[in-house]
Amino acid sequence: MQADYALRTHDPGQVQAALAALAAEITRATRSTQQLLALGRSDTNAIDMAGLDLAALLREVALDLLPQARARRIDLGVHAVPPPFPAVADRQLLREALANLVANAIAYTPEGGTINLLAGGDAAGWSVGVEDNGPGLSEEERGSLGQRFRRGTRAVAGGSGLGLAIARSIAQRHRGVLRLEARGAGPGLHAALWWPRGDT
Numbered sequence: 084m085q086a087d088y089a090l091r092t093h094d095p096g097q098v099q100a101a102l103a104a105l106a107a108e109i110t111r112a113t114r115s116t117q118q119l120l121a122l123g124r125s126d127t128n129a130i131d132m133a134g135l136d137l138a139a140l141l142r143e144v145a146l147d148l149l150p151q152a153r154a155r156r157i158d159l160g161v162h163a164v165p166p167p168f169p170a171v172a173d174r175q176l177l178r179e180a181l182a183n184l185v186a187n188a189i190a191y192t193p194e195g196g197t198i199n200l201l202a203g204g205d206a207a208g209w210s211v212g213v214e215d216n217g218p219g220l221s222e223e224e225r226g227s228l229g230q231r232f233r234r235g236t237r238a239v240a241g242g243s244g245l246g247l248a249i250a251r252s253i254a255q256r257h258r259g260v261l262r263l264e265a266r267g268a269g270p271g272l273h274a275a276l277w278w279p280r281g282d283t
């Protein structure tokens with residue numbers, strides 16, 4: 084519709100508006116397609132467990148999403164505590180899960196807010212997560228979100244409800260869990276993917 088309108092109108096301003104709307108739709112459709120493909124990979128691909136540097140992974144994801152955070156004046160930080168044992172995971176899947184958690188946090192954190200990427204581990208396993216000072220989720224929503232196409236009551240326009248489902252699927256492929264918890268101090272959400280050591 085937007086392309087057809089742009090072809091028919093002779094007003095340069097209207098053409099630009101139609102093209103901007105078309106670009107936004109293409110971006111949304113592309114993101115949804117990428118998420119569906121990621122969900123398919125997380126469900127079916129063989130998992131490739133190998134050693135990885137969790138701090139480096141956090142920095143990589145943060146740098147990729149930094150332009151989106153800056154556009155909303157969000158302070159995006161990285162806090163990784165070196166685990167006592169080298170982390171082992173499927174790096175590509177873990178990166179996809181973390182990127183979805185960060186993208187969700189950017190979408191829901193108010194302008195000028197704060198988002199921290201976190202990583203750590205202990206003798207039982209490892210975790211990567213995202214903590215923001217956005218509106219957070221009710222206890223009921225925290226229990227139900229992560230199902231495919233399920234969206235929260237504060238869902239922003241254009242989302243597909245797949246981000247948390249992808250993260251949860253990837254956690255399960257690692258024999259782990261996706262935890263959605265209220266932030267320790269003040270409003271916000273702490274979303275963390277935890278998975279156990281292979282020898283536990």
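Residue numbers (our numbering): 84 to 283. A virtual CB, placed ideally from N, CA and C, is assigned to each residue, including glycine. This structure is a prediction, so every number in the text was calculated from the model and none was measured.
In the DSSP output, what is residue i paired with across the bridge?
| i | result |
| --- | --- |
| residue 199 | 160, 214 |
| residue 264 | 273 |
| residue 133 | 172 |
| residue 204 | 209 |
Of all the options the options, which has the alpha carbon lying nearest to the alpha carbon of residue i?
| i | options | result |
| --- | --- | --- |
| residue 200 | 138, 256, 166 | 138 |
| residue 281 | 158, 193, 205 | 205 |
| residue 181 | 269, 268, 86, 143 | 143 |
| residue 135 | 210, 154, 101 | 210 |
| residue 269 | 245, 215, 146 | 215 |
| residue 245 | 260, 179, 154, 257 | 179 |
| residue 162 | 130, 213, 249 | 213 |
To the nearest angstrom, how far is it from the Cα of residue i to the Cα of residue j?
| i | j | result |
| --- | --- | --- |
| residue 217 | residue 93 | 43 angstroms |
| residue 265 | residue 149 | 24 angstroms |
| residue 193 | residue 164 | 27 angstroms |
| residue 203 | residue 262 | 15 angstroms |
| residue 160 | residue 87 | 43 angstroms |
Does any CB atom of chain D fall closer than 9 angstroms to the CB of residue i?
| i | result |
| --- | --- |
| residue 261 | Protein chain content of the structure displayed is limited to a single chain, and chain D is not contained in it. |
Might you give, ordered along the chain, the residues of its own chain that have their beta carbon closer than 8 angstroms to the beta carbon of residue i, omitting 5 neighbours on each side?
| i | result |
| --- | --- |
| residue 172 | 132, 133, 135, 209, 257, 278 |
Kindly list the residues whose CB is nearer than 7 angstroms to the CB of residue i, restricted to its own chain and excluding five residues on each side of it in sequence; keep chain order.
| i | result |
| --- | --- |
| residue 98 | 89, 92 |
For residue i, which residues of its own chain have a beta-carbon under 6 angstroms away from its beta-carbon, when the five flanking residues on both sides are left out?
| i | result |
| --- | --- |
| residue 158 | 197 |
Any contact between the region 181-191 and the region 265-274? By contact I mean 3 or more CB pairs, one from each, below 8 angstroms. yes
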